[in-house]
Amino acid sequence: MTAIRIGLSGTKMFYNLREIFRFEDIIMANTTILHFTGIGSAFNAPLGNTNAYFINGTTLVMFDCGESVYPRIIRLLKSKRIRRLVILITHLHSDHIGSLGTVLSFCDHIVPKPVDIFYPTKALERFLKCIGIGADKYTHYLSAPDAWDLTIVPHRVVHSDMIACFGYEVVFGTTSFYYSGDAHDIPDIVLKKFLDNKIELLFHEATLDKNAAGHCCYTTLERKIPLSERSRVYCMHLGSDKLIALLRKKGFQIPNIEVP
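Counting from 1, position 46 in the sequence shown corresponds to residue 46 in the working numbering; the numbering is continuous, with no gaps.
Here you go:
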């Protein structure tokens, strides 16, 4: 299989054909940077639901499981080198877990592999039961087990009054990063660690809407992140080309989309 990395230049998407590479090379690379199969907001279909992953040995570690990125996720799972799936769920909105049930069934029936899910409340189990997924199809962790060989610290974030929402601080090998999920702001402790270089990379959502109570306006990031540190901040959950162009202009990074 091959993969095409989609770059974002200004306000337009393009397929950079010089960056076509073997799919197996992606998943076995000892990278310190997340790979994104989608960076869009819930309603930005061309960019896909925001979904990221990295490889830890033979384990695929994935953030969220939105509805529109399902075809890309299953192509990752078809690799024989992936023997286990770990999913870190930030919250239970459909653009973040819309394909979770189908992914679990896929790992049960089509490419048998164990699936571990990390979400710090039992609401996940109730949700999966409602859609007919039994507890025998996955292992739900409220805290990260030592067996994952990862340090994962959940941070409660403000996004929805109806469900628990989390960002995740992750230490993977020599790399440390924070993944916000959907969040109105950066937790103070995370921001301090980032500015003190104790967290290397920040993957954070951004919106143009200054009145969005559950999302982070770009002006908040602009105010809190000095220009000198913005090259370490990758913005995601993006709603428009206008926002992408603005964030780039202000010195923030936009992840590439890697389509298996």
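Here a beta-carbon is modelled for each residue, glycine too, at the ideal position from N, C-alpha and C. Since this is a predicted model, take the numbers as computed values, not measurements.
Helix, strand or coil at residue i according to DSSP, with G and I counted as helix
i      : result
Ala29  : With a pLDDT of 36 at Ala29, under the threshold of 50, the modelled position of that residue is not reliable, and the figure given next carries that caveat. In this structure, Ala29 counts as coil in the three-state DSSP scheme.
Glu125 : helix
Ile4   : Here the model assigns Ile4 a pLDDT of 40, short of 50, so the residue's position is not dependable, and the following value carries that caveat. Residue state, collapsed to three classes: strand.
Glu264 : Here the chain has residues from 1 to 260 only, and residue 264 is not among them.
Glu67  : coil
Arg156 : strand
Ala135 : helix
Phe21  : Bear in mind that the predicted position of Phe21 carries a pLDDT of just 35, short of 50, making it unreliable; the figure below should be weighed with that in mind. In the structure shown, Phe21 sits in a strand (DSSP, three-state: E or B).
Leu34  : coil
Ile39  : coil
Leu150 : coil
Ile257 : strand
Leu247 : helix
Ile189 : helix
Pro46  : helix
Phe194 : helix
Ile74  : helix
Residue i and residue j closer than 8 Å at C-beta
i      : j      : result
Pro154 : Tyr138 : no
Leu128 : Gly101 : yes
Ile117 : Ile89  : yes
Leu47  : Leu238 : yes
Arg230 : Phe252 : yes
Arg81  : Thr59  : no
Ile199 : Phe36  : no
Tyr218 : Leu195 : no
Ser143 : Val157 : no
Pro255 : Arg72  : no
Ser68  : Asn49  : yes
Arg75  : Lys113 : no
Leu124 : Asn56  : no
Ala52  : Phe63  : yes
Leu201 : Tyr234 : yes
Residue nearest to residue i in terms of C-alpha spacing, selected from the options
i      : options                        : result
Gly264 : Leu202, Lys122, Asp185, Lys224 : The question about residue 264 has no answer here: the residues shown for the chain are numbered 1 through 260.
Phe166 : Ser240, Gly173, Pro187         : Pro187
Lys193 : Asp209, Ala183, Arg232         : Arg232
Ile244 : Ser41, His35, Ser79            : Ser41
Thr121 : Ile133, Lys80, Ala164          : Ala164
Met236 : Arg83, Leu195, Tyr178, Pro71   : Tyr178
His159 : Cys130, His93, Val170          : His93
Lys250 : Ala212, Ala206, Val259, Pro260 : Ala206
Leu85  : Asp95, Ser105, Leu195          : Ser105
Gly66  : Arg83, Ala45, Phe54            : Ala45
Asp161 : Asp108, Arg75, Asp182          : Asp182
Leu34  : Tyr70, Asp136, Val171          : Val171
Ala135 : Val115, Pro145, Trp148, Asp146 : Val115
His140 : Ile133, Tyr119, Ile131, Gly132 : Tyr119
Residues bridged to residue i (per DSSP)
i      : result
Cys217 : Thr207
Ala144 : DSSP, once it has assigned bridges, lists no residue as partnering Ala144.
Leu201 : Phe177
Ala52  : Phe36, Phe63
Val233 : Leu202
Leu238 : Gly40
The ligand MG heavy atom lying under 7 Å from the CB of residue i
i      : result
Ile152 : The ligand MG is absent from the structure shown, which contains no ligand whatsoever.
>> Threshold first: 4 residues or longer. Then list the alpha helix (DSSP H) segments lying entirely within the stretch 80-129, N to C.
In response: Taking 4 residues as the shortest admissible run, the stretch 80-129 contains the following complete alpha helix (DSSP H) segments, listed from N- to C-terminal end: 94-97, 100-109.
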